[in-house]
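What follows is a set of notes on a single structure, which appears directly below.
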Amino acid sequence: MQKDNIITYINKNAKYIKEEDLHNLLQEVVDYFSFKISQLAIKSYSIKLDKNNFEQATNNLAFDAFKEGAKEVLLDGLNTFLFKKQHWKNKRDIEPYLLTCLNYYSLNVKIEFDGTIVKRKPICPGCKFYGFTEDLTIGYDGLRCEFCVKKVNSITYLLNNTENIDDKARLEALLVFRKCFSEHSRKGYKCPDCERFIPDSCKTEFGISCPYLDCVFFGKVENLNEMSHPTRSWYNHTSGINKEQENTLRSKNIDAETAVIIFEQFNNELKILSEVIDLQMSRIKPKDKKMTSIQKRLMYQAYKNMLNKYPEEMVSYLVHMKHVTEFAIQAKIFQEYVKLLRDMMPLTVTKGGEEFDIISLTDPNLCLFTGISKFEAEINKNHIIPNNTIETYTGGRKFKNMGSCFIGLLIDVKDINTGKSLLDDVVEYNFAQIKMKNDIPINTKVEVTHFRMIPHYEMGNLVHLQRIRRKIVDSVYFRIHGKKREIVRVK
(Lines of atoms letter the chains of each structure in order from A and count residues from 1; the text may use other names and numbers.)
(Lines give C-alpha, C1' and ligand atoms only; values in the text may rest on other atoms or scores of the structure.)
Protein backbone atom coordinates (compact mmCIF):
# COMPACT_ATOMS: atom_id res chain seq x y z
CA MET A 1 0.00 0.00 0.00
CA GLN A 2 1.45 3.37 -1.04
CA LYS A 3 1.11 6.28 1.40
CA ASP A 4 -0.34 8.51 -1.36
CA ASN A 5 -3.27 6.12 -1.57
CA ILE A 6 -3.97 5.68 2.14
CA ILE A 7 -6.90 8.15 2.22
CA THR A 8 -8.49 6.61 -0.87
CA TYR A 9 -7.96 3.15 0.61
CA ILE A 10 -9.71 4.07 3.88
CA ASN A 11 -12.62 5.76 2.08
CA LYS A 12 -13.18 2.70 -0.10
CA ASN A 13 -12.65 0.01 2.53
CA ALA A 14 -13.89 1.65 5.74
CA LYS A 15 -16.55 -0.97 6.43
CA TYR A 16 -14.00 -3.77 6.23
CA ILE A 17 -11.40 -2.20 8.53
CA LYS A 18 -11.21 -3.67 12.04
CA GLU A 19 -9.97 -2.02 15.23
CA GLU A 20 -6.85 -4.19 15.29
CA ASP A 21 -5.89 -2.65 11.92
CA LEU A 22 -5.70 0.90 13.31
CA HIS A 23 -2.07 0.93 14.41
CA ASN A 24 -0.98 -0.54 11.07
CA LEU A 25 -2.82 2.25 9.24
CA LEU A 26 -1.70 5.01 11.62
CA GLN A 27 1.90 5.33 10.41
CA GLU A 28 0.73 5.57 6.80
CA VAL A 29 -1.71 8.33 7.78
CA VAL A 30 0.99 10.20 9.75
CA ASP A 31 3.30 10.02 6.72
CA TYR A 32 0.51 11.28 4.47
CA PHE A 33 0.00 14.37 6.67
CA SER A 34 3.69 14.85 7.54
CA PHE A 35 4.12 18.15 5.70
CA LYS A 36 0.87 19.51 7.15
CA ILE A 37 1.99 18.49 10.65
CA SER A 38 5.27 20.35 10.12
CA GLN A 39 3.45 23.51 9.04
CA LEU A 40 1.14 23.39 12.06
CA ALA A 41 4.01 22.80 14.46
CA ILE A 42 5.86 25.84 13.11
CA LYS A 43 2.71 27.95 13.45
CA SER A 44 1.81 26.65 16.92
CA TYR A 45 5.26 27.26 18.46
CA SER A 46 6.08 30.38 16.40
CA ILE A 47 9.24 28.68 15.12
CA LYS A 48 11.29 30.97 12.90
CA LEU A 49 11.43 29.29 9.54
CA ASP A 50 14.60 29.42 7.50
CA LYS A 51 13.51 28.76 3.92
CA ASN A 52 17.01 27.56 3.10
CA ASN A 53 17.11 25.13 6.02
CA PHE A 54 13.62 23.76 6.67
CA GLU A 55 15.04 20.55 8.14
CA GLN A 56 16.92 22.44 10.86
CA ALA A 57 13.82 24.46 11.77
CA THR A 58 11.86 21.28 12.40
CA ASN A 59 14.65 19.43 14.16
CA ASN A 60 13.95 20.42 17.76
CA LEU A 61 12.26 19.11 20.88
CA ALA A 62 9.10 21.22 20.44
CA PHE A 63 8.54 19.90 16.95
CA ASP A 64 8.99 16.29 18.08
CA ALA A 65 6.51 16.81 20.90
CA PHE A 66 3.97 18.30 18.50
CA LYS A 67 4.39 15.38 16.09
CA GLU A 68 3.78 12.84 18.87
CA GLY A 69 0.66 14.73 19.93
CA ALA A 70 -0.55 14.88 16.32
CA LYS A 71 -0.05 11.13 16.07
CA GLU A 72 -2.35 10.59 19.06
CA VAL A 73 -4.91 12.99 17.57
CA LEU A 74 -4.89 11.11 14.26
CA LEU A 75 -5.32 7.79 16.06
CA ASP A 76 -8.28 9.14 17.99
CA GLY A 77 -9.68 10.65 14.77
CA LEU A 78 -9.42 7.34 12.93
CA ASN A 79 -11.10 5.51 15.80
CA THR A 80 -13.96 8.03 15.96
CA PHE A 81 -14.47 8.18 12.19
CA LEU A 82 -14.39 4.44 11.61
CA PHE A 83 -15.92 2.97 14.76
CA LYS A 84 -17.41 5.42 17.27
CA LYS A 85 -19.38 7.61 14.86
CA GLN A 86 -19.02 5.55 11.66
CA HIS A 87 -19.07 8.70 9.50
CA TRP A 88 -18.19 6.58 6.46
CA LYS A 89 -21.78 5.32 6.38
CA ASN A 90 -22.81 8.81 5.20
CA LYS A 91 -20.11 8.69 2.48
CA ARG A 92 -18.11 11.30 4.34
CA ASP A 93 -14.51 11.85 3.20
CA ILE A 94 -12.02 11.09 5.96
CA GLU A 95 -9.33 13.55 4.78
CA PRO A 96 -11.08 16.85 5.68
CA TYR A 97 -12.23 15.23 8.93
CA LEU A 98 -8.65 14.40 9.99
CA LEU A 99 -7.45 17.83 8.85
CA THR A 100 -10.02 19.42 11.15
CA CYS A 101 -8.76 17.29 14.03
CA LEU A 102 -5.18 18.46 13.40
CA ASN A 103 -6.20 22.11 13.12
CA TYR A 104 -8.05 22.00 16.46
CA TYR A 105 -5.05 20.33 18.07
CA SER A 106 -2.76 23.01 16.67
CA LEU A 107 -5.00 25.79 18.02
CA ASN A 108 -4.99 24.31 21.52
CA VAL A 109 -1.21 23.86 21.47
CA LYS A 110 -0.70 27.47 20.40
CA ILE A 111 -3.00 28.80 23.11
CA GLU A 112 -1.24 26.72 25.75
CA PHE A 113 2.18 27.80 24.45
CA ASP A 114 1.12 31.47 24.62
CA GLY A 115 0.31 31.13 28.33
CA THR A 116 -3.47 30.65 28.29
CA ILE A 117 -5.89 27.91 29.23
CA VAL A 118 -8.77 27.44 26.83
CA LYS A 119 -12.18 25.84 26.97
CA ARG A 120 -14.78 25.61 24.25
CA LYS A 121 -18.17 27.18 24.88
CA PRO A 122 -21.12 26.67 22.51
CA ILE A 123 -22.36 29.84 20.83
CA CYS A 124 -25.61 30.57 19.02
CA PRO A 125 -25.38 29.72 15.28
CA GLY A 126 -28.21 32.17 14.56
CA CYS A 127 -26.41 35.09 16.21
CA LYS A 128 -23.18 34.01 14.52
CA PHE A 129 -25.02 34.40 11.19
CA TYR A 130 -25.24 38.13 11.96
CA GLY A 131 -21.59 38.41 12.93
CA PHE A 132 -21.65 38.45 16.73
CA THR A 133 -21.19 35.93 19.51
CA GLU A 134 -23.81 34.87 22.03
CA ASP A 135 -23.12 32.20 24.65
CA LEU A 136 -25.73 29.50 25.21
CA THR A 137 -27.21 27.96 28.33
CA ILE A 138 -28.73 24.52 28.88
CA GLY A 139 -32.42 24.78 28.02
CA TYR A 140 -35.44 22.47 28.31
CA ASP A 141 -34.82 20.73 24.98
CA GLY A 142 -31.11 21.39 24.58
CA LEU A 143 -29.17 24.63 24.14
CA ARG A 144 -30.96 27.92 24.77
CA CYS A 145 -30.08 31.36 23.37
CA GLU A 146 -31.50 34.09 25.60
CA PHE A 147 -30.90 36.73 22.93
CA CYS A 148 -32.96 34.76 20.37
CA VAL A 149 -35.71 34.24 22.98
CA LYS A 150 -35.90 38.01 23.49
CA LYS A 151 -35.98 38.52 19.73
CA VAL A 152 -38.85 36.04 19.37
CA ASN A 153 -40.88 38.02 21.91
CA SER A 154 -40.10 41.42 20.35
CA ILE A 155 -40.71 40.22 16.78
CA THR A 156 -44.02 38.62 17.82
CA TYR A 157 -45.11 41.93 19.35
CA LEU A 158 -44.16 43.86 16.19
CA LEU A 159 -45.89 41.29 14.00
CA ASN A 160 -49.15 41.63 15.93
CA ASN A 161 -49.03 45.41 15.55
CA THR A 162 -48.00 45.63 11.90
CA GLU A 163 -50.36 45.96 8.95
CA ASN A 164 -47.86 46.63 6.16
CA ILE A 165 -47.62 43.48 4.02
CA ASP A 166 -43.88 43.93 3.29
CA ASP A 167 -43.03 44.37 6.96
CA LYS A 168 -45.13 41.36 7.95
CA ALA A 169 -43.31 39.17 5.43
CA ARG A 170 -39.90 40.20 6.78
CA LEU A 171 -40.96 39.75 10.39
CA GLU A 172 -42.54 36.32 9.80
CA ALA A 173 -39.38 34.99 8.14
CA LEU A 174 -37.23 36.44 10.91
CA LEU A 175 -39.53 34.95 13.56
CA VAL A 176 -39.14 31.42 12.15
CA PHE A 177 -35.36 31.91 12.03
CA ARG A 178 -35.10 33.10 15.65
CA LYS A 179 -37.43 30.35 16.90
CA CYS A 180 -35.15 27.77 15.36
CA PHE A 181 -32.21 28.89 17.50
CA SER A 182 -34.00 30.05 20.67
CA GLU A 183 -33.82 26.42 21.81
CA HIS A 184 -32.05 23.87 19.65
CA SER A 185 -30.06 20.65 19.80
CA ARG A 186 -26.30 20.48 20.10
CA LYS A 187 -26.24 17.70 17.53
CA GLY A 188 -26.40 18.91 13.96
CA TYR A 189 -25.39 18.61 10.32
CA LYS A 190 -23.40 20.52 7.73
CA CYS A 191 -25.57 22.18 5.09
CA PRO A 192 -24.26 21.04 1.68
CA ASP A 193 -25.17 24.44 0.17
CA CYS A 194 -24.05 27.12 2.64
CA GLU A 195 -21.85 24.80 4.78
CA ARG A 196 -23.32 26.12 8.04
CA PHE A 197 -24.55 24.24 11.10
CA ILE A 198 -28.15 22.91 10.92
CA PRO A 199 -29.50 21.76 14.32
CA ASP A 200 -30.93 18.25 14.43
CA SER A 201 -33.99 19.80 16.09
CA CYS A 202 -34.89 21.41 12.73
CA LYS A 203 -35.73 18.07 11.14
CA THR A 204 -39.30 16.97 10.48
CA GLU A 205 -40.85 13.75 9.22
CA PHE A 206 -40.39 15.12 5.68
CA GLY A 207 -36.70 16.05 5.90
CA ILE A 208 -34.61 18.96 7.11
CA SER A 209 -34.50 22.55 5.90
CA CYS A 210 -31.56 24.92 6.26
CA PRO A 211 -32.79 27.68 8.62
CA TYR A 212 -30.52 30.48 7.41
CA LEU A 213 -32.25 33.28 5.54
CA ASP A 214 -29.92 33.26 2.54
CA CYS A 215 -30.05 29.49 1.93
CA VAL A 216 -32.82 27.34 0.42
CA PHE A 217 -31.51 23.80 0.97
CA PHE A 218 -33.99 21.05 1.82
CA GLY A 219 -33.14 17.35 1.92
CA LYS A 220 -32.96 14.11 3.85
CA VAL A 221 -31.06 13.93 7.13
CA GLU A 222 -29.44 10.62 6.26
CA ASN A 223 -27.68 12.26 3.30
CA LEU A 224 -25.98 14.92 5.44
CA ASN A 225 -22.64 14.88 7.22
CA GLU A 226 -22.63 15.56 10.95
CA MET A 227 -21.11 18.86 12.04
CA SER A 228 -19.85 20.07 15.41
CA HIS A 229 -21.87 22.84 17.04
CA PRO A 230 -20.21 26.29 16.72
CA THR A 231 -18.14 27.20 19.77
CA ARG A 232 -15.85 29.95 20.94
CA SER A 233 -12.63 29.83 22.89
CA TRP A 234 -13.09 30.75 26.53
CA TYR A 235 -9.80 32.02 27.87
CA ASN A 236 -8.55 31.81 31.44
CA HIS A 237 -5.47 33.96 31.02
CA THR A 238 -2.31 33.55 33.05
CA SER A 239 -0.97 36.75 31.51
CA GLY A 240 -1.84 39.39 28.97
CA ILE A 241 -5.51 39.96 28.12
CA ASN A 242 -7.84 40.75 31.00
CA LYS A 243 -11.57 40.00 31.17
CA GLU A 244 -12.56 43.50 30.03
CA GLN A 245 -10.44 43.15 26.92
CA GLU A 246 -11.87 39.68 26.29
CA ASN A 247 -15.40 41.08 26.36
CA THR A 248 -14.53 43.39 23.48
CA LEU A 249 -14.27 40.25 21.37
CA ARG A 250 -17.98 39.73 21.93
CA SER A 251 -19.27 43.08 20.72
CA LYS A 252 -22.93 43.20 19.71
CA ASN A 253 -22.82 46.50 17.85
CA ILE A 254 -24.12 44.95 14.64
CA ASP A 255 -27.82 45.63 14.10
CA ALA A 256 -29.23 42.24 13.14
CA GLU A 257 -32.45 43.48 11.57
CA THR A 258 -30.62 45.75 9.15
CA ALA A 259 -28.75 42.70 7.84
CA VAL A 260 -31.98 40.95 6.88
CA ILE A 261 -33.07 42.10 3.43
CA ILE A 262 -35.70 39.73 2.13
CA PHE A 263 -38.93 40.26 0.27
CA GLU A 264 -37.81 43.78 -0.78
CA GLN A 265 -39.80 43.53 -3.98
CA PHE A 266 -42.73 41.59 -2.54
CA ASN A 267 -45.41 43.11 -4.75
CA ASN A 268 -43.38 42.43 -7.88
CA GLU A 269 -42.67 38.86 -6.77
CA LEU A 270 -46.35 38.32 -6.00
CA LYS A 271 -47.30 39.57 -9.46
CA ILE A 272 -44.74 37.35 -11.22
CA LEU A 273 -45.81 34.30 -9.20
CA SER A 274 -49.47 34.86 -10.04
CA GLU A 275 -48.68 35.29 -13.75
CA VAL A 276 -46.60 32.11 -13.84
CA ILE A 277 -49.38 30.03 -12.25
CA ASP A 278 -51.98 31.49 -14.65
CA LEU A 279 -49.75 30.85 -17.69
CA GLN A 280 -48.94 27.25 -16.80
CA MET A 281 -52.57 26.57 -15.93
CA SER A 282 -53.74 27.99 -19.28
CA ARG A 283 -51.65 25.40 -21.13
CA ILE A 284 -53.99 22.65 -19.89
CA LYS A 285 -57.00 22.32 -22.17
CA PRO A 286 -60.03 23.50 -20.13
CA LYS A 287 -62.42 20.91 -21.58
CA ASP A 288 -60.03 17.98 -21.53
CA LYS A 289 -61.64 15.16 -19.52
CA LYS A 290 -58.51 13.06 -19.16
CA MET A 291 -57.84 12.12 -15.56
CA THR A 292 -54.37 13.68 -15.43
CA SER A 293 -55.55 16.89 -17.08
CA ILE A 294 -58.38 17.36 -14.58
CA GLN A 295 -56.06 16.64 -11.67
CA LYS A 296 -53.37 19.07 -12.87
CA ARG A 297 -55.94 21.80 -13.55
CA LEU A 298 -57.35 21.47 -10.02
CA MET A 299 -53.85 21.39 -8.52
CA TYR A 300 -52.92 24.65 -10.24
CA GLN A 301 -56.20 26.11 -9.00
CA ALA A 302 -55.26 24.98 -5.49
CA TYR A 303 -51.94 26.84 -5.77
CA LYS A 304 -53.83 29.89 -7.07
CA ASN A 305 -56.37 29.79 -4.22
CA MET A 306 -53.64 29.43 -1.63
CA LEU A 307 -51.79 32.38 -3.16
CA ASN A 308 -54.91 34.52 -2.74
CA LYS A 309 -55.43 33.36 0.86
CA TYR A 310 -51.82 33.40 2.05
CA PRO A 311 -49.76 35.64 -0.27
CA GLU A 312 -46.81 36.09 2.12
CA GLU A 313 -46.47 32.37 2.85
CA MET A 314 -46.76 31.37 -0.81
CA VAL A 315 -44.24 33.98 -2.00
CA SER A 316 -41.83 32.72 0.63
CA TYR A 317 -42.50 29.08 -0.32
CA LEU A 318 -42.37 29.37 -4.12
CA VAL A 319 -40.11 32.38 -4.71
CA HIS A 320 -37.67 32.17 -1.81
CA MET A 321 -38.21 28.45 -1.13
CA LYS A 322 -38.55 29.02 2.61
CA HIS A 323 -41.31 28.07 5.07
CA VAL A 324 -42.68 30.86 7.26
CA THR A 325 -45.31 28.73 8.98
CA GLU A 326 -44.90 26.02 11.60
CA PHE A 327 -47.20 23.63 9.74
CA ALA A 328 -46.14 22.24 6.35
CA ILE A 329 -47.64 24.39 3.62
CA GLN A 330 -47.59 21.41 1.23
CA ALA A 331 -50.32 19.85 3.35
CA LYS A 332 -52.47 22.98 3.08
CA ILE A 333 -52.13 23.00 -0.72
CA PHE A 334 -53.05 19.33 -0.84
CA GLN A 335 -56.12 19.91 1.35
CA GLU A 336 -57.23 22.74 -0.94
CA TYR A 337 -56.85 20.41 -3.94
CA VAL A 338 -58.96 17.72 -2.22
CA LYS A 339 -61.66 20.31 -1.46
CA LEU A 340 -61.80 21.37 -5.12
CA LEU A 341 -61.91 17.74 -6.23
CA ARG A 342 -64.72 16.90 -3.82
CA ASP A 343 -66.73 19.96 -4.90
CA MET A 344 -66.60 18.75 -8.54
CA MET A 345 -68.03 15.30 -7.79
CA PRO A 346 -69.62 13.39 -9.42
CA LEU A 347 -66.77 13.72 -11.89
CA THR A 348 -66.85 12.34 -15.44
CA VAL A 349 -63.40 11.43 -16.73
CA THR A 350 -61.89 9.54 -19.65
CA LYS A 351 -59.27 6.85 -19.22
CA GLY A 352 -58.12 4.42 -21.88
CA GLY A 353 -60.66 5.87 -24.29
CA GLU A 354 -63.59 5.13 -21.97
CA GLU A 355 -65.74 7.49 -19.90
CA PHE A 356 -66.71 6.73 -16.32
CA ASP A 357 -67.92 8.58 -13.25
CA ILE A 358 -66.00 9.11 -10.01
CA ILE A 359 -68.23 9.62 -6.99
CA SER A 360 -65.85 8.89 -4.10
CA LEU A 361 -62.53 10.27 -2.89
CA THR A 362 -61.40 6.70 -2.31
CA ASP A 363 -61.93 5.68 -5.95
CA PRO A 364 -58.70 3.85 -6.91
CA ASN A 365 -58.58 5.73 -10.23
CA LEU A 366 -57.83 8.92 -8.30
CA CYS A 367 -54.77 7.42 -6.55
CA LEU A 368 -55.72 9.71 -3.68
CA PHE A 369 -56.67 7.79 -0.54
CA THR A 370 -56.26 4.12 0.26
CA GLY A 371 -59.12 3.89 2.76
CA ILE A 372 -60.45 5.16 6.09
CA SER A 373 -58.41 4.81 9.28
CA LYS A 374 -59.19 5.21 12.97
CA PHE A 375 -56.71 5.59 15.79
CA GLU A 376 -56.65 6.66 19.43
CA ALA A 377 -54.30 9.24 20.91
CA GLU A 378 -53.89 11.84 23.64
CA ILE A 379 -53.59 15.60 23.20
CA ASN A 380 -50.05 16.45 24.32
CA LYS A 381 -48.76 19.50 26.20
CA ASN A 382 -48.42 21.43 22.93
CA HIS A 383 -52.08 20.71 22.11
CA ILE A 384 -50.96 18.40 19.31
CA ILE A 385 -52.48 15.03 18.36
CA PRO A 386 -49.76 12.86 16.80
CA ASN A 387 -50.44 10.59 13.86
CA ASN A 388 -50.98 7.13 15.40
CA THR A 389 -52.34 5.56 12.23
CA ILE A 390 -51.89 1.79 12.49
CA GLU A 391 -51.78 1.12 8.74
CA THR A 392 -48.30 1.38 7.22
CA TYR A 393 -46.95 1.32 3.69
CA THR A 394 -44.10 -0.77 2.32
CA GLY A 395 -43.02 -0.20 -1.27
CA GLY A 396 -40.46 1.14 -3.70
CA ARG A 397 -37.71 -0.75 -5.45
CA LYS A 398 -36.27 -2.04 -2.18
CA PHE A 399 -39.68 -2.57 -0.56
CA LYS A 400 -38.77 -0.12 2.20
CA ASN A 401 -41.15 0.36 5.11
CA MET A 402 -42.26 4.01 4.85
CA GLY A 403 -43.98 3.95 8.24
CA SER A 404 -47.51 5.03 9.17
CA CYS A 405 -49.79 6.28 6.43
CA PHE A 406 -50.34 10.05 6.25
CA ILE A 407 -53.40 11.86 7.55
CA GLY A 408 -54.92 12.75 4.19
CA LEU A 409 -58.33 14.22 4.97
CA LEU A 410 -59.62 14.61 8.51
CA ILE A 411 -63.12 13.21 9.03
CA ASP A 412 -63.63 13.55 12.78
CA VAL A 413 -61.89 13.98 16.15
CA LYS A 414 -63.98 12.59 19.00
CA ASP A 415 -63.53 12.91 22.77
CA ILE A 416 -63.51 9.29 23.91
CA ASN A 417 -64.83 10.06 27.41
CA THR A 418 -67.80 12.24 26.36
CA GLY A 419 -68.36 11.03 22.79
CA LYS A 420 -68.45 14.68 21.69
CA SER A 421 -66.95 15.70 18.35
CA LEU A 422 -64.02 18.11 18.60
CA LEU A 423 -63.76 18.72 14.87
CA ASP A 424 -64.67 22.40 15.28
CA ASP A 425 -61.79 22.74 17.76
CA VAL A 426 -59.17 21.71 15.21
CA VAL A 427 -56.93 24.66 14.33
CA GLU A 428 -55.20 22.92 11.43
CA TYR A 429 -53.58 19.63 10.55
CA ASN A 430 -50.94 18.19 8.27
CA PHE A 431 -49.85 14.71 7.22
CA ALA A 432 -48.33 13.90 10.61
CA GLN A 433 -50.23 15.77 13.33
CA ILE A 434 -53.34 17.72 14.30
CA LYS A 435 -53.21 21.08 16.09
CA MET A 436 -56.05 21.67 18.56
CA LYS A 437 -57.27 24.87 20.23
CA ASN A 438 -55.52 25.74 23.48
CA ASP A 439 -58.74 25.54 25.52
CA ILE A 440 -59.00 21.79 24.88
CA PRO A 441 -57.45 20.13 27.97
CA ILE A 442 -54.15 18.32 27.48
CA ASN A 443 -54.16 14.52 27.97
CA THR A 444 -57.68 14.36 26.57
CA LYS A 445 -58.12 10.94 24.96
CA VAL A 446 -59.46 11.19 21.43
CA GLU A 447 -60.43 8.97 18.52
CA VAL A 448 -59.36 10.28 15.12
CA THR A 449 -61.03 9.22 11.87
CA HIS A 450 -59.44 10.17 8.56
CA PHE A 451 -58.86 9.21 4.95
CA ARG A 452 -55.35 7.76 4.87
CA MET A 453 -52.82 8.14 2.07
CA ILE A 454 -49.47 6.64 1.07
CA PRO A 455 -46.63 8.28 3.09
CA HIS A 456 -44.47 9.11 0.10
CA TYR A 457 -43.93 12.36 -1.81
CA GLU A 458 -42.99 10.63 -5.05
CA MET A 459 -46.16 8.55 -5.44
CA GLY A 460 -49.81 9.22 -6.17
CA ASN A 461 -51.13 12.78 -6.27
CA LEU A 462 -48.28 14.16 -4.18
CA VAL A 463 -45.79 13.50 -6.98
CA HIS A 464 -47.87 15.68 -9.35
CA LEU A 465 -48.09 18.44 -6.73
CA GLN A 466 -44.31 18.32 -6.31
CA ARG A 467 -43.70 18.48 -10.08
CA ILE A 468 -46.04 21.45 -10.44
CA ARG A 469 -44.23 23.18 -7.57
CA ARG A 470 -40.87 22.65 -9.26
CA LYS A 471 -42.18 24.03 -12.56
CA ILE A 472 -43.54 27.12 -10.83
CA VAL A 473 -40.35 27.67 -8.82
CA ASP A 474 -38.07 27.27 -11.86
CA SER A 475 -40.15 29.62 -14.03
CA VAL A 476 -40.37 32.33 -11.33
CA TYR A 477 -36.64 32.06 -10.66
CA PHE A 478 -35.84 32.50 -14.38
CA ARG A 479 -38.07 35.58 -14.66
CA ILE A 480 -36.56 37.25 -11.61
CA HIS A 481 -32.89 36.34 -12.09
CA GLY A 482 -32.69 35.93 -15.87
CA LYS A 483 -31.07 32.48 -15.60
CA LYS A 484 -31.97 28.92 -14.79
CA ARG A 485 -31.99 27.83 -11.17
CA GLU A 486 -29.03 25.69 -10.16
CA ILE A 487 -30.19 22.60 -8.34
CA VAL A 488 -27.84 21.04 -5.79
CA ARG A 489 -28.54 17.35 -5.40
CA VAL A 490 -27.25 15.50 -2.37
CA LYS A 491 -25.77 12.15 -3.33
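For the sequence shown, the numbering used here puts the final residue at 500, and the numbers step up evenly by one.
Every residue, glycine too, gets a C-beta built ideally from N, C-alpha and C.
Within a 10 Å sphere around the beta-carbon of Tyr-438 sit 16 or more other beta-carbons, which makes this residue buried.
Here Phe-44 carries a helix assignment [DSSP, helix/strand/coil].
Ranked by Cα distance from Ala-340, the options Phe-141, Gln-48, Asn-470, Val-482 are led by Asn-470.
Beta-bridge analysis with DSSP links Asp-144 to Ile-132. Below 8 Å, too few C-beta pairs join the region 367–375 and the region 439–446 to call them touching: fewer than three. Taken in chain order, the whole beta strand (DSSP E) runs of length 3 or more contained in the region 344–372 are 356–360, 363–367. Judged by DSSP secondary structure, Ala-182 falls within the alpha helix (DSSP H) whose first and last residues are 174–191. With 16 or more other Cβ atoms from the protein chains shown falling within 10 Å of its own Cβ, Arg-179 counts as buried. Judged by DSSP in its simplified three-state form, Gly-216 adopts strand.
The beta carbon of Val-482 is closer than 6 Å to those of Leu-327 in its chain, skipping five residues each way along the sequence. A straight line joining the alpha-carbon of Ala-337 with that of Cys-219 spans about 15 Å. In the assembly as shown, Phe-42 is a buried residue. Its beta-carbon has 16 or more other beta-carbons within 10 Å.
The C-beta distance from Gly-151 to Ser-210 rounds to 6 Å, short enough to meet the 8 Å contact threshold.
In this structure, His-392 keeps its C-beta atom at 8 Å or more from the C-beta atom of Asn-317. In this structure, the CA atom of Lys-480 is about 12 Å from the CA atom of Lys-493. Collapsing the DSSP output to three states places Glu-104 in a helix. Within 10 angstroms of the beta-carbon of Met-354 lie fewer than 16 other beta-carbons, which makes it exposed. The beta carbons of Gly-491 and Phe-460 sit no closer together than 8 Å. Per DSSP, the unbroken beta strand (DSSP E) holding Tyr-438 starts and ends at 435–438. Here Ala-386 carries a strand assignment [DSSP, helix/strand/coil].
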